[in-house]
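Novice: Numbering (my numbering), first residue to last: 106 to 415.
The structure follows.
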C-alpha cells in the first residue's frame with residue numbers, strides 16, 4: 106500500500122507529516138510526502154481575522170485530496186474549521202501533546218503575573234482577549250508566520266515574548282525558551298490544540314482508511330476531539346473567533362470546559378460539563394447550548410460584526 110501525505114511546508118508541519126509517516130511505516134505502509142502551500146502561508150501581512158478564517162490553512166490541501174494528488178492531509182487539529190465540506194472527513198487523531206499555551210522569550214524570568222508591562226507577539230484573537238481580561242497591563246503586537254519566523258521577529262525586537270502552543274514549541278525543541286507555562290484555567294486552549302488530525306476525501310479507498318485509522322488514531326484523543334469539535338461546530342467558531350475548549354477523560358467520563366470571550370476581554374463565559382464517553386458529540390453540543398443560553402450568542406454576534414467592519 107502506498108499513501109501520499111499532503112502537508113504545509115513549515116518545519117512544524119513537516120515534523121507532523123514525518124511523525125505520521127513514521128507511524129504508517131511502522132505498519133509496513135509505503136509513503137510519500139507532498140508539500141503544499143496554503144493561503145495562510147502566503148498572506149503574512151494581514152491578521153487572520155482580516156483574511157477570513159474558513160479554510161485558510163486547508164483549502165489547497167483539500168483541493169488535492171479531491172483530485173487524488175494526495176491520499177491524506179496532515180493538519181494541526183486546532184487549525185481546522187469547525188465544519189468540513191461534505192466531501193471530506195477526519196479519520197484519525199494522533200495522541201495529544203500537553204495542551205497548554207506558553208510564554209516564549211529570551212528572558213526566562215519574564216512572567217505575566219509579575220505586573221511588569223511588556224510586549225507579547227501573537228496573532229490569536231483568543232490569546233489577545235484573554236490577555237486583556239486577566240493581564241490588561243500586557244501590550245500585544247500582531248505576529249503572523251511560522252514558528253521560526255516568529256522567533257526571528259522576537260530576535261529582531263518586535264516584541265519581548267511570544268504566546269504559543271506548548272506542543273509546537275516542544276516539537277521544535279525550543280523548550281529552553283519557555284519562560285512560563287500558562288494555566289489552563291486562564292488560557293484554555295483552542296479546540297484540538299496539541300493533536301494532529303488526518304483528513305481524507307470520503308471516496309478514499311476503505312482499505313486505506315482502515316489502515317490509516319489503525320496505525321495513527323489514538324482513541325482517547327479522538328473521543329476528546331469529537332467532543333471539542335461538536336462544541337465548536339454548534340458555536341460556529343473559527344480561527345478568528347475567540348472560542349476555547351478542552352476535553353479530558355476520567356475513567357468512563359468526559360469532562361469538557363469551554364467558553365467564549367469578547368474581543369476586548371471584558372466579557373468571558375466559561376462552563377464545564379461531564380458526560381459518558383459513549384456520547385462525546387452530544388456532550389460537546391450540550392455545552393455549546395448552555396453557553397448560548399448564557400449569552401454567548403450575543404458575544405458571537407458582536408465579534409462577527411466587529412470582524413466584518415475591520
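We put the CB at the ideal spot given by N, CA and C, even for glycine.
Check this for me: beta carbons of residue 228 and residue 257, under 8 Å apart or not?
Specialist: Contact: no.
Novice: Does the contact criterion of 3 or more C-beta pairs under 8 Å hold for the region 317–326 versus the region 196–214?
Specialist: Yes: at least three Cβ pairs fall under 8 Å.
Novice: CB-CB under 6 Å to residue 109, same chain, minus the five flanking residues each way: which ones, in chain order?
Specialist: Here the set comprises 137, 139, 175, 176.
Novice: Which residues share a DSSP beta bridge with residue 179?
Specialist: Bridge partners of residue 179: 303.
Novice: Which same chain residues end up closer than 7 Å to residue 291 when comparing Cβ atoms and leaving out the 5 residues on each side of it in sequence?
Specialist: Excluding positions up to five away in sequence, the list reads 235, 239.
Novice: Could you give the DSSP three-state label for residue 109: helix, strand or coil?
Specialist: Strand.
Novice: To test your reading of the DSSP string, which unbroken alpha helix (DSSP H) runs of 4 or more residues are found completely within the region 210–297?
Specialist: Runs found: 230–239, 252–260, 271–276.
Novice: Between which residues of its own chain and residue 352 is the CB-CB distance below 6 Å, once the five residues before and five after are set aside?
Specialist: Correct list, in chain order: 329, 332, 333, 359, 361.
Novice: Any idea what DSSP makes of residue 164, helix, strand or coil?
Specialist: In this structure, residue 164 counts as helix in the three-state DSSP scheme.
Novice: Output yes or no for whether 8 Å exceeds the beta carbon distance between residue 245 and residue 347.
Specialist: Going by C-beta atoms, residue 245 is not nearer than 8 Å to residue 347.
Novice: Given a threshold of 16 other Cβ atoms within 10 Å of its Cβ, counted over all protein chains shown, does residue 298 qualify as buried or as exposed?
Specialist: By the 10 Å Cβ count, residue 298 comes out buried.
Novice: So what does residue 360 bridge to, in DSSP terms?
Specialist: DSSP lists 353, 379 as partners of residue 360.
Novice: If you run the structure through DSSP and keep just helix, strand and coil, what is residue 172?
Specialist: Three-state DSSP puts residue 172 in coil, outside helix and strand.
Novice: For residue 143, which of helix, strand or coil comes out of DSSP?
Specialist: Note: residue 143 maps to coil in three-state DSSP.
Novice: Using the rule of at least 16 other Cβ atoms within 10 Å of the residue's Cβ for burial, across every protein chain shown, is residue 172 buried or exposed?
Specialist: Exposed.
Novice: Let me know the secondary structure DSSP gives residue 346 once reduced to three states.
Specialist: Here residue 346 sits in coil by DSSP.
Novice: Should residue 131 be labelled buried (16 or more other beta-carbon atoms within 10 Å of its own) or exposed?
Specialist: Exposed, by the Cβ-count rule.
Novice: Quick one: Cα of residue 56 to Cα of residue 270, how far?
Specialist: The structure shown does not extend to residue 56, since the chain spans only 106 to 415, so no value can be given for it.
Novice: May I ask you to list the residues that DSSP assigns as paired with residue 208?
Specialist: In the DSSP output, where bridge partners are listed per residue, residue 208 has 268, 285.
Novice: Would you mind working out which of 285, 121, 259 sits nearest residue 180, comparing C-alpha positions?
Specialist: Here the closest residue by C-alpha is 121.
Novice: Compute the distance between the beta-carbons of residue 252 and residue 117, then report whether it is under 8 Å.
Specialist: Yes.
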